[in-house]
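**Q** One structure is given below, represented as structure tokens, and several questions about it will come after.
Numbering (my numbering), first residue to last: 1 to 241.
Right under this line is the structure:
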């Protein structure tokens with residue numbers, strides 16, 4: 001049998017429970033991405049109102065992104081109240097996913113022309129109204145870029161949940177690495193290929209969404225803000241996961 005046939009046979013073998021591992025993988029990844037958005041955007045809105053707070057948030061985010069990902073899993077697993085199950089993995093991946101969204105939210109809001117904010121304030125808009133009706137629509141493409149980065153990072157990292165006993169595609173990868181046969185290679189690829197496909201689909205799919213959300217007149221400005229955010233991370237020695 002050729003390699004493709006071996007991979008297909010492995011996936012379709014009921015004993016390997018491909019559907020169950022796919023469910024475990026997607027459950028943890030989607031929860032982590034969702035929580036990263038729900039936490040990262042509000043924190044970014046709050047931090048953007050004060051440059052000192054923004055500096056602290058940016059610094060801690062940079063430090064967090066510099067820490068090896070596996071350390072987050074070790075920390076989460078070490079907390080007895082969490083146990084070795086999905087909550088530990090979701091917490092670890094959420095910690096990994098928050099920084100790109102947080103940083104892009106801060107960068108986007110701070111990049112808005114202050115005259116627009118003052119005009120909205122002069123019209124009697126409250127902070128919430130200014131944020132929801134004026135600022136967020138302008139920075140939505142930039143936040144979407146952060147969500148895109150987070151999504152790809154989380155998808156690429158979720159196979160590590162196998163070290164917490166949660167299965168997922170990582171179980172195929174880890175289990176097949178020590179098997180020096182075509183069957184072992186097929187097992188590794190049965191886990192690696194779905195992760196690759198999901199990451200590529202997420203990257204290009206969310207890139208299209210980001211492009212669609214950006215008005216033609218704002219695309220150059222949005223690209224500059226995103227580039228500035230990326231260069232800030234690089235200047236701090238942050239390595240994107």
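Glycine included, each C-beta is placed from N, C-alpha and C at the ideal position.
Quick one: residues in its chain with C-beta nearer than 7 Å to the C-beta of residue 15, no 5 flanking neighbours on either side, listed in chain order?
**A** So no residue of the chain qualifies.
**Q** Looking only at its own chain, which residues have a Cβ that is under 7 Å from the Cβ of residue 19, when we skip the five neighbours before and after it?
**A** For residue 19, where only same-chain residues beyond five positions count, there are no Cβ hits under 7 Å.
**Q** Return the CA-CA distance between residue 208 and residue 60, expressed in angstroms with no decimal places.
**A** The straight-line gap from Cα to Cα measures roughly 30 Å.
**Q** What residues in its chain sit with their C-beta under 6 Å from that of residue 98, if we drop five residues either side in the sequence?
**A** So the qualifying residues of the chain are 36, 39 and 40.
**Q** Less than 8 Å between the C-beta atoms of residue 246 and residue 25, yes or no?
**A** The requested residue 246 does not occur in the structure, where the chain is confined to residues 1 to 241.
**Q** Cutting at 7 Å between CB atoms, please list the residues of its own chain near residue 32, excluding the five before and the five after it.
**A** Excluding residues within five positions, the ones whose Cβ falls inside 7 Å are 90, 93, 94, 97 and 154.
**Q** Measure the C-alpha to C-alpha separation of residue 55 and residue 5 and round it to an integer number of angstroms.
**A** Residue 55 and residue 5: Cα-Cα distance of roughly 53 Å.
**Q** Residue 27 lies in the alpha helix (DSSP H); which residues open and close that run?
**A** Looking at the DSSP string, the run of the alpha helix (DSSP H) that includes residue 27 is 18–47.
**Q** Buried or exposed for residue 194, going by 16 or more other Cβ atoms inside 10 Å?
**A** Its Cβ being crowded by 16 or more others within 10 Å, residue 194 is buried.
**Q** Quick check: what's the CA-CA separation for residue 74 versus residue 118?
**A** The alpha-carbon atoms of residue 74 and residue 118 are separated by roughly 46 Å.
**Q** Just mark residue 187 as buried or exposed, buried being the case when its beta carbon has 16 or more other beta carbons within 10 Å.
**A** Answer is buried; the Cβ neighbour count reaches 16.
**Q** Quick check: the stretch 135–155 against the stretch 100–112, are there 3 or more CB pairs under 8 Å?
**A** With the cut-off at 8 Å, the stretch 135–155 and the stretch 100–112 touch.
**Q** Please report the straight-line C-alpha distance between residue 166 and residue 190, rounded to a whole angstrom.
**A** Answer to the nearest angstrom: the Cα atoms are 17 Å apart.
**Q** From the DSSP output, in three-state form, read off residue 99 for me.
**A** Helix, per DSSP.
**Q** When the Cα of residue 30 is compared with those of 140, 87, 126 and 65, which residue comes out closest?
**A** Of 140, 87, 126 and 65, the residue nearest in Cα terms is 87.
**Q** With H, G and I counted as helix, E and B as strand and the rest as coil, what does DSSP make of residue 180?
**A** Residue 180: coil per DSSP, three-state reduction.
**Q** Given residue 146, which residues of its chain have a CB within under 6 Å of its CB, disregarding the five upstream and five downstream residues?
**A** Only 100, 101 and 104 meet the Cβ criterion.
**Q** Can you give the Cα-Cα distance for residue 198 and residue 123, rounded to whole angstroms?
**A** If I take the Cα positions, the gap works out to 45 Å.
**Q** Note the first and the last residue of the continuous alpha helix (DSSP H) segment covering residue 51.
**A** Its alpha helix (DSSP H) spans residues 51–66.
**Q** Hey, quick one: how far does the alpha helix (DSSP H) through residue 163 stretch, first residue to last?
**A** Where residue 163 is concerned, there is no enclosing alpha helix (DSSP H), given that its DSSP letter is neither H nor E.
**Q** Determine the contact status of residue 151 and residue 202, defining contact as a CB-CB distance below 8 Å.
**A** The answer is yes: Cβ separation under 8 Å.
**Q** Taking the C-alpha atoms as reference points, what is the distance between residue 11 and residue 44?
**A** In a straight line, the C-alpha of residue 11 is about 42 Å away from that of residue 44.
**Q** Since residue 129 is in the alpha helix (DSSP H), which residue starts that stretch and which ends it?
**A** Note, residue 129: alpha helix (DSSP H), 127–130.
**Q** Whole-angstrom Cβ separation of residue 160 and residue 70, contact assumed at under 8 Å?
**A** Residue 160 to residue 70, Cβ: 7 Å. Contact.
**Q** Closer than 7 Å by C-beta to residue 72: which residues in its own chain qualify, once you throw out the five before and the five after it? Chain order, please.
**A** For residue 72, where only same-chain residues beyond five positions count, the Cβ hits under 7 Å are 92, 95 and 96.
**Q** Return the CA-CA distance between residue 58 and residue 185, expressed in angstroms with no decimal places.
**A** C-alpha separation (whole angstroms): 41 Å.
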